[in-house]
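Per full-length UniProt numbering, the sequence shown starts with residue 1, numbered consecutively. Even glycine gets a Cβ: it sits at the ideal position worked out from N, Cα and C. The model shown is predicted, which means the values in this text are computed figures rather than measured ones. Just below is one structure, and these are the notes that go with it.
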Amino acid sequence: MMKLAILGATGRTGVHLVEQALEEGHEVVAIVRTPSKVTTEHENLKVVSGDITSTASLKEHFEGCDAVVSCLGAGTLRNVTLYSESIKIIVAAMRETSIKKL
């Protein structure tokens with residue numbers, strides 16, 4: 001099984017992906033803004049607060065993961081720039097932790 005870092009784990013898609021990954025036996029690091037919003041409890045689930053605008057924040061949580069899954073969405077048009085810029089930061093953090101799967 002794999003250890004997955006899931007970004008956007010409290011969103012509509014992220015919630016389902018976390019549950020599916022856990023059901024399939026994967027270990028999940030759910031990286032969210034507000035950990036209290038995560039209602040799923042599981043021995044293979046670690047919920048952490050992370051900042052998608054910070055390579056250092058993401059690197060810390062990506063350590064030991066096999067892949068990163070992004071369930072981030074722009075939400076509104078005003079957030080499109082934040083979303084597109086965060087992808088650059090995510091990829092940089094992945095490179096620094098030698099993760100090749102996004």
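Simplified DSSP state of I89, which is helix, strand or coil
Walking along the sequence shown from the start, residue 89 turns up at place 89. Three-state DSSP puts I89 in a helix.
For G25, count neighbouring C-beta atoms within 10 Å of its own C-beta (all shown protein chains included) and say buried if the count is 16 or more, exposed if not.
Counted from its first residue, the sequence shown places residue 25 at position 25. That one is exposed.
If you drop the 5 nearest sequence neighbours on each side, which residues of the same chain put their C-beta closer than 6 Å to that of V69?
Position 69 of the sequence shown, counting from 1, holds the residue named residue 69. Excluding sequence neighbours, V69 sits near L4 and I6.
If you drop the 5 nearest sequence neighbours on each side, which residues of the same chain put their C-beta closer than 8 Å to that of E63?
Mapped onto the sequence shown, residue 63 falls at position 63. Correct list, in chain order: T97.
Going by DSSP, which residues form a beta bridge with I31?
Within the sequence shown, the letter at position 31 stands for residue 31. Its beta-bridge partners are L7 and V48.
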